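Right, one structure below, let's go through it.
In the working numbering, the protein residues as written are 118 to 235.
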C-alpha cells in the first residue's frame, strides 16, 4: 500500500487485525502484532523521500558544491569533508553530484532520495 500524506502521519492497515495504524509503528496498538522486522523497516524507510529539500541541496551544490556544502546539508559529513579537501574531486565529483541532484538520484545520509524541491 502506498504511503498517504507525510511519513509521520502515514497510515496502513495492521497485518493481523486490519485496524488503521501508523505506517511507522513497530507493533499494532490494538492487537500487539509485530508489523515488520528490522530489515523490512529499514527498506521501507529507504523508499520514503528525504525531508531535505532538493532546491536547497541543488543551490548549495551549484554555488559551493566543490567544497561539499550540499553533502554537509544532507548529513554526509565524511564525504563532505573529503570534497572539501579535494575541491570536489577536482570538479568531477561535484559534477556527478549535481547531475544526480537534478535527476532525483541523490540520497541523504539515511539512503532516502531527495525528490521534494520546495
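No residue lacks a Cβ here, since even glycine has one placed at the ideal position from N, Cα and C.
Predicted model, so just to flag it, every value in this text is computed and none were measured.
First through last residue of the beta strand (DSSP E) which encompasses residue i
{"i": "residue 128", "result": "128-130"}
Residue i beta carbon near the ligand GTP (any heavy atom closer than 7 Å)
{"i": "residue 132", "result": "For the structure depicted, the ligand GTP is absent and the ligand set is empty, with no information on it obtainable."}
Endpoints, alpha helix (DSSP H) assigned at residue i
{"i": "residue 138", "result": "No alpha helix (DSSP H) contains residue 138, which is instead part of the beta strand (DSSP E) from 137-139."}
{"i": "residue 235", "result": "Careful: residue 235 lies outside any alpha helix (DSSP H) and carries neither H nor E."}
{"i": "residue 189", "result": "186-190"}
{"i": "residue 181", "result": "171-181"}
{"i": "residue 213", "result": "209-220"}
Residue environment, residue i, which counts as buried when at least 16 other CB atoms sit within 10 Å
{"i": "residue 202", "result": "exposed"}
{"i": "residue 118", "result": "With a pLDDT of 49 at residue 118, under the threshold of 50, the modelled position of that residue is not reliable, and the figure given next carries that caveat. Residue 118 comes out exposed."}
{"i": "residue 195", "result": "exposed"}
{"i": "residue 148", "result": "exposed"}
Cβ distance (whole Å) where residue i is taken to contact residue j below 8 Å
{"i": "residue 191", "j": "residue 205", "result": "About 15 Å; that fails the 8 Å criterion."}
{"i": "residue 174", "j": "residue 231", "result": "6 Å"}
{"i": "residue 138", "j": "residue 126", "result": "Actually they are not in contact, since the Cβ atoms of residue 138 and residue 126 sit about 12 Å apart, beyond 8 Å."}
{"i": "residue 225", "j": "residue 169", "result": "5 Å"}
For residue i, the nearest candidate out of the options (CA to CA)
{"i": "residue 135", "options": "179, 186, 145 and 173", "result": "145"}
{"i": "residue 218", "options": "195, 207 and 167", "result": "167"}
{"i": "residue 164", "options": "235, 234 and 223", "result": "223"}
{"i": "residue 151", "options": "131, 126 and 233", "result": "131"}
{"i": "residue 141", "options": "153, 133, 148 and 149", "result": "153"}
{"i": "residue 210", "options": "227, 229, 226 and 188", "result": "188"}
{"i": "residue 181", "options": "170, 215 and 193", "result": "215"}
{"i": "residue 179", "options": "233, 213 and 225", "result": "213"}
{"i": "residue 227", "options": "207, 221 and 193", "result": "193"}
{"i": "residue 235", "options": "177, 171 and 198", "result": "171"}
In DSSP terms, what residue i is bridged to
{"i": "residue 168", "result": "In the DSSP output, where bridge partners are listed per residue, residue 168 has none listed."}
{"i": "residue 224", "result": "230"}
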